[in-house]
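At the far end of the sequence shown sits residue 447, using our numbering, and the numbering has no gaps.
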Amino acid sequence: FFEIRLEVVCCVTSNMQIELRPTLGEFPEEPFQGTLGHSTELWWDMGLYGGVDIQKACDRLYGEDVQPHPQFTTLHKYRLGGPDPLDYCNAYSTLDGKCWHYVSMGFTNLHRELIIPHRAEGLNGFGFELTMRVSKIPGQQVAPLWPWALMQSIARHCFESGRGFATGHVSKCTGNLGPDSTMSYLVFAADPQMESSVTSRGRVDFLTMVGVTKAELDAAIRMAMRTGENGE
Numbered sequence: 216f217f218e219i220r221l222e223v224v225c226c227v228t229s230n231m232q233i234e235l236r237p238t239l240g241e242f243p244e245e246p247f248q249g250t251l252g253h254s255t256e257l258w259w260d261m262g263l264y265g266g267v268d269i270q271k272a273c274d275r276l277y278g279e280d281v282q283p284h285p286q287f288t289t290l291h292k293y294r295l296g297g298p299d300p301l302d303y304c305n306a307y308s309t310l311d312g313k314c315w316h317y318v319s320m321g322f323t324n325l326h327r328e329l330i331i332p333h334r335a336e337g338l339n340g341f342g343f344e345l346t347m348r349v350s351k352i353p354g355q356q357v358a359p360l361w362p363w364a365l366m367q368s369i370a371r372h373c374f375e376s377g378r379g380f381a382t383g384h385v386s387k388c389t390g391n392l393g394p395d396s397t398m399s400y401l402v403f404a405a406d407p408q409m410e411s412s413v414t415s416r417g418r419v420d421f422l423t424m425v426g427v428t429k430a431e432l433d434a435a436i437r438m439a440m441r442t443g444e445n446g447e
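What follows is the structure in structure tokens.
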């Protein structure tokens, strides 16, 4: 399948010129059916305390009446000894209908008890949730599972190391993001459609993951260096 090596391999400036575009690719679902799946009961029917803030951010973009297609969940919750730290993930059809937009729930504190120590003063947990846009395959009615599995891989790295991600961070994949893709890096950038939220437990930013090729990454780094040299 795929494996992600998640150390930060470089950091470009926060105003890097990376085109926000969907990541291509389709992966088999079978390896993840043991621990990850679709939620049969939406979290807001289950009284999930801190998830309200994340859901409000989704509702501002898609509307309160639009439900995710689907909402993913872990079958064995992390706080109960399961292997996957993120409890939920919403997947929406984008407003233009061309992509799936994934929004994680679990890098911040979702429950009444504080499971995640605040990484820094003023942050809720790690201080971010991840998003990702994936191109739809013609006729596809339900969002695929593999981006949810990718987010869980990133979450395991964060929870095990205690380190998070921020705008401008880059991670290398040991494989490409798709069978016909040459994208092998993930760039983390502020999601332009998801506003940061200030909650009672601290700030939450929304970082989107964008798949890029080595050539695109090198070009972005060169542009960032030129911008820095010019003092822009």
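Where a beta carbon is used, it is the ideal one built from N, C-alpha and C, also for glycine.
Item	Value
Could you tell me which uninterrupted beta strand (DSSP E) segments, each at least 3 residues in length, are contained entirely in the region 323-389, listed from first to last along the chain?	338-350 and 384-388
Please report the straight-line C-alpha distance between T289 and M440, rounded to a whole angstrom.	41 Å
Going straight from the alpha carbon of A335 to that of R437, what length do you get?	31 Å
Inspect the beta-carbon positions of A370 and L301 and report whether they are closer than 9 Å.	yes
Looking only at its chain, what residues have a beta carbon closer than 8 Å to the beta carbon of H291, apart from the 5 residues adjacent to it on each side?	T250, G297, P298 and D299
Could you tell me if G379 is buried or exposed, where buried requires 16 or more neighbouring beta carbons within 10 angstroms of its beta carbon?	buried
Would you say T323 and T423 are within 9 Å of each other, going by their C-beta atoms?	no
Could you check which residue in I330, I269, S319 and K429 has the C-alpha nearest to that of L401?	K429
Identify whether M438 lies in helix, strand or coil by the three-state DSSP scheme.	helix
Looking only at its own chain, which residues have a Cβ that is under 6 Å from the Cβ of L338, when we skip the five neighbours before and after it?	G417 and R418
Which partner residues of D299 appear in the DSSP bridge assignment?	K292
Only counting the same chain, and skipping five residues up and downstream in sequence, which positions put a Cβ closer than 6 Å to that of P362?	Y317, M347 and V349
Quick one: grab the DSSP three-state call for Q270.	helix
Is the beta carbon of Y307 less than 9 Å from the beta carbon of C273?	yes
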